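Q: Before anything else, here's the structure in question.
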Amino acid sequence: MVLLELFVSYGLVGLFAIGIISSIIPIPTEWVVLGLIDIGKKPEIILITLIISSIIGASLGYLIGKYELRKVIPFHDKEKEKQMQMHFRKYGAALLLVSPWIPIVGDLAPIVAGLENYETKRFLTVISIAKIIKSFGIVYFSIHIMDLWELFIK
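So for the sequence shown, our numbering puts the first residue at 3; every next one is plus one.
And the structure:
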């Protein structure tokens, strides 16, 4: 929790940083959003910051998979590699759409998309839609959680 409090203390810059990091390493952004709403930051600005940072983080994961991990994890069976790529092209969009909601494993989906040479434009489109939906959900529920919290405190 101390780490999350540190991100909250840096305000929107902290949210931006954790938004990028949490798209590669499983660190929850929800607590930072709650903290920022609690100290009075505007939800609209929080939402925009979270969307942009999450998309950047997922894109970094994609690039890591596509250009760095491919060097480390070479495929020896070219036929199996093509088969896996075709499978990911067929079902990858669905995986990428739900991946932001899957704890821990979901953060690996952009890296896998890069490894599988998923089309860049398609990746950016699908992951942007997924991250926008998740960011709206996080901010919306955080606002309502804070409202409920204030009801119980009074």
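All C-beta atoms in this analysis are idealised placements derived from N, C-alpha and C, irrespective of residue type, glycine included. The structure presented is a predicted model; accordingly, all values stated were derived computationally and were not measured.
Does DSSP put residue 102 in a helix, in a strand, or in coil?
A: helix
Q: Taking the alpha helix (DSSP H) that residue 69 belongs to, which residues open and close that run?
A: Looking at the DSSP string, residue 69 is not in any alpha helix (DSSP H), and its letter there is neither H nor E.
Q: Within a Cβ cutoff of 8 Å, which residues of the same chain sit near residue 147, ignoring the five residues on either side of it in sequence?
A: 36
Q: Could you check the C-alpha separation between residue 153 and residue 64 for me, to the nearest Å?
A: 42 Å
Q: Mapping DSSP to helix, strand and coil, what is residue 21?
A: helix
Q: Classify residue 140: buried if its beta carbon has 16 or more other beta carbons within 10 angstroms, exposed otherwise.
A: buried
Q: Within 8 Å, do at least three Cβ pairs link the stretch 35-50 to the stretch 81-99?
A: No, they do not touch.
Q: Any contact between the stretch 121-132 and the stretch 15-23? By contact I mean 3 or more CB pairs, one from each, below 8 Å.
A: no
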